[in-house]
Every structure is written in structure tokens, then in C-alpha cells.
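Before any comments, here is the structure.
Residue numbers (the working numbering): 1383 to 1476.
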């Protein structure tokens, strides 16, 4: 069993690696409303301004050098400024 302190350390490392969100491989978001670690969860919150993209089909979290850290296929139609809350849970898998 992995101790909770190690899981939190790993979540903190993941949090420090995340530098930006890239939508549909073209629109970058570098400002987060929330970017913090709570226990073993990285909590991200960011706003997608209306007009930046028509809809979101791909959300990538990237490192400062552009390396893709996570990639999620989604469908989010945008009709107004949209706030995204994206938790990333670090956990042991059996």
C-alpha cells in the first residue's frame, strides 16, 4: 500500500509540471483560477472565454516545454464564458 504522504508528494509534482491547458490543439490557457493540491488530488479550475473556440473536443494539460501530460477527448459546446473544474486524482491501482 502506498502511504498518503507519497501520494500527496506525487500530486504536488504533477501540479508543478502543469503549465498550461491547450484546447483543440490550438488555444492555450496559462492562467488558472485554482491550481492547488489537496491530499492526493490536483485541483484545476480555469475559464474558457466565449469566442476563444466554438466548442471543445480535446483538453490537453501540458508542461512548460509543450510536452503533453494528459489528454482528454470531450464535447463541450460554448455559449458563454465557461469555467472548467478538472480534478486529477493520484491513487494506487491494484
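The beta carbon of each residue, even a glycine, is placed where N, CA and C say it ideally should be.
If you draw a straight line from the C-alpha of residue 1432 to the C-alpha of residue 1418, how long is it?
As a position in the chain shown, residue 1432 is number 50, starting the count at 1. As a position in the chain shown, residue 1418 is number 36, starting the count at 1. Each residue's alpha carbon lies about 25 angstroms from the other.
Does residue 1444 get closer than 8 angstroms to chain D when you measure Cβ to Cβ?
Of the chains in the structure shown, none is chain D; there is only one protein chain.
Give me the Cα-Cα distance between residue 1440 and residue 1402, rounded to the nearest whole angstrom.
Counted from its first residue, the chain shown places residue 1440 at position 58. Counted from its first residue, the chain shown places residue 1402 at position 20. About 14 angstroms.
Rounded to whole angstroms, what is the Cα-Cα separation between residue 1390 and residue 1405?
As a working note, residue 1390 is residue 8 in the chain shown. As a working note, residue 1405 is residue 23 in the chain shown. Each residue's Cα considered, the two are about 27 angstroms apart.
Looking only at its chain, what residues have a beta carbon closer than 8 angstroms to the beta carbon of residue 1463, apart from the 5 residues adjacent to it on each side?
Residue 1463 sits at position 81 when you count from the first residue of the chain shown. Excluding sequence neighbours, residue 1463 sits near 1429, 1430, 1431 and 1432.
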